[in-house]
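Remarks on the structure that follows.
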Amino acid sequence: MSELKLVFEEPKQRKKAPEHLADLTKEERRAKAESLGLPAFRANQISTHYFTHYNDDPDSWTDIPAALRPVVAEHFLPKLITLVRSITCDNGKTRKDLWRLHDGVLVESVLMRYSDRTTVCISSQAGCGMNCPFCATGQAGLTRNLTAGEITAQLVASARACATGELPGGPTRLSNVVFMGMGEPLANYNAVMRTVRNIVTPQPDGLGIGARSVTVSTVGLVTGIEKLTEEDLQVTLAVSLHTPDDELRDTLVPINSRWKVKEVLAAADKYAEKTGRRYSIEYALIRDINDQQWRADLLGRLLKNRHAHVNLIPLNPTPGSKWTASRKEDERTFVKTLENYGVPVTVRDTRGREIDGACGQLAAAEIKNS
Ligand code: SF4
Numbered sequence: 000m001s002e003l004k005l006v007f008e009e010p011k012q013r014k015k016a017p018e019h020l021a022d023l024t025k026e027e028r029r030a031k032a033e034s035l036g037l038p039a040f041r042a043n044q045i046s047t048h049y050f051t052h053y054n055d056d057p058d059s060w061t062d063i064p065a066a067l068r069p070v071v072a073e074h075f076l077p078k079l080i081t082l083v084r085s086i087t088c089d090n091g092k093t094r095k096d097l098w099r100l101h102d103g104v105l106v107e108s109v110l111m112r113y114s115d116r117t118t119v120c121i122s123s124q125a126g127c128g129m130n131c132p133f134c135a136t137g138q139a140g141l142t143r144n145l146t147a148g149e150i151t152a153q154l155v156a157s158a159r160a161c162a163t164g165e166l167p168g169g170p171t172r173l174s175n176v177v178f179m180g181m182g183e184p185l186a187n188y189n190a191v192m193r194t195v196r197n198i199v200t201p202q203p204d205g206l207g208i209g210a211r212s213v214t215v216s217t218v219g220l221v222t223g224i225e226k227l228t229e230e231d232l233q234v235t236l237a238v239s240l241h242t243p244d245d246e247l248r249d250t251l252v253p254i255n256s257r258w259k260v261k262e263v264l265a266a267a268d269k270y271a272e273k274t275g276r277r278y279s280i281e282y283a284l285i286r287d288i289n290d291q292q293w294r295a296d297l298l299g300r301l302l303k304n305r306h307a308h309v310n311l312i313p314l315n316p317t318p319g320s321k322w323t324a325s326r327k328e329d330e331r332t333f334v335k336t337l338e339n340y341g342v343p344v345t346v347r348d349t350r351g352r353e354i355d356g357a358c359g360q361l362a363a364a365e366i367k368n369s
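Now the structure itself:
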């Protein structure tokens, strides 16, 4: 029990980030405008600038009287994230941004341009309390939850970078969002759900990205999966399983001591049943740890009649860690074994590997150097 308390409690009381437009529902935005003595339609104008034009600088808005702009800036669009630095690789098509939040905390987002889509991977917490031993973020522990405003700000900055042609290949549209950066999204449930609503709500009140293009990942917080099932959203659920047996999973994903593999898969099955959406099983292949053929067999048997797809991730090793990626031949055998069970499987491409692409690595390096 004390272990669980550690996982879910924020370690310190910190000054909360100032309230932002993106923390509020459409109705709350209008009510807030009125409480400031502004007509409610001003809230719609602000939303349009933010979610349609990705513009968060009221000084540049000509449809708002100059005298009102400082009020709008202070009460609706306080600056929540500041870019510390960006690193690119894959000829600029992958860009990792490191952000400083209002209290000095660092988080990361990664923007990846592919031929058919542009995806951003965002952070939902600063650090993470889940303590997975192979993960840089997990080693540092949880600093705090991000607000919806702080999570959405990463998205709007990415959408702006796409629209203004900052990535090679000219202007494009941000098309996909994955909650797979720092943190366990379902441990920051309310802020993540507010953000998901900001993503899927049509413009001008949200970013207008289809729910099917949004992936929410979890290490298997069953109560969170159950809540998500009740949301009536078509987002993709990704379960970071990493091994099919409880014995190893208790070590690799410590929250497994609370919810076992069987319970996690049962919750994911209910999600699939309710939404009709296939869920994804994330599996970081770690050399000689979880990549044996017998584990592939066990995973195949577990998943063969489920509405699930396996996404194998060659581990991006954390500097100084004993964990490393599987040998290519073991990876191939793992894939083949799952295919023999008729389980759909893909190997994720390892974008961002040269730029400390695993979650938390850039922030960890920045903290070490500062
Ligand atoms: S792998 Fe994900 S859930 Fe586990 S510690 Fe890292 S960020 Fe947290």
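Under numbering that gives the first Met the number 0, residue 369 is the last one in the sequence shown; the count climbs by one each step, no gaps.
Cβ coordinates follow ideal geometry from the N, Cα and C atoms, glycine included.
Keep in mind that this is a model prediction, so the values were computed, not measured.
- Contact between the stretch 213 to 224 and the stretch 29 to 49 is absent: fewer than three C-beta pairs spanning the two stretches fall below 8 Å.
- The nearest non-hydrogen atom of ligand 1 is 7 Å or more from the C-beta of GLY299.
- In this structure, the alpha-carbon of THR163 lies about 10 Å from that of TYR53.
- Between the stretch 229 to 243 and the stretch 268 to 285 there are three or more inter-stretch CB-CB distances shorter than 8 Å, so the stretches are counted as touching.
- In this structure LYS95 is not in contact with LEU166, their Cβ atoms being roughly 12 Å apart against a cut-off of 8 Å.
- Relative to ligand 1, even the nearest heavy atom lies 7 Å or more away from the CB of GLU281.
- Straight-line spacing of the CA atoms in GLY341 and ALA186 works out to 33 Å.
- Runs of the beta strand (DSSP E) lying entirely within the stretch 188 to 255, each at least 3 residues long, are 213 to 217 and 235 to 239 in chain order.
- In this model, LYS14 and LEU79 are separated by some 13 Å (Cα to Cα).
- With at least 16 other beta carbons inside 10 angstroms of its own, GLU149 counts as buried.
- In terms of Cβ geometry, GLU107 and MET181 form a close pair [threshold 8 Å].
- In this structure ASP55 is in contact with TYR49, their Cβ atoms being roughly 6 Å apart against a cut-off of 8 Å.
- Scanning the stretch 248 to 335 for uninterrupted beta strand (DSSP E) segments of 3 residues or longer gives 278 to 284 and 307 to 313, listed from N- to C-terminal end.
- Per DSSP, the continuous beta strand (DSSP E) segment holding ARG84 begins and ends at 80 to 88.
- DSSP, read as helix, strand or coil, puts ASN130 in coil.
- The beta carbon of ALA72 lies closer than 7 Å to those of PRO57 in the same chain, with the five residues before and after it left out.
- In the three-state reduction of the DSSP assignment, ALA125 falls in the strand class.
- Taking a 10 Å sphere around the C-beta of TRP258, we find 16 or more other C-beta atoms and assign the residue as buried.
- The continuous beta strand (DSSP E) containing VAL109 extends over residues 105 to 112.
- Of the heavy atoms belonging to ligand 1, none sits nearer than 7 Å to the Cβ of THR171.
- Residue pairing by DSSP puts CYS120 in a beta bridge opposite VAL109 and VAL177.
- Distance from the CA atom of ALA66 to the CA atom of VAL177, rounded to whole angstroms, is 39 Å.
- Following the DSSP letters along the chain, one finds LYS31 inside the alpha helix (DSSP H) bounded by residues 25 to 34.
- Contact between THR146 and ASP22 holds, since their C-beta atoms are separated by about 6 Å, short of 8 Å.
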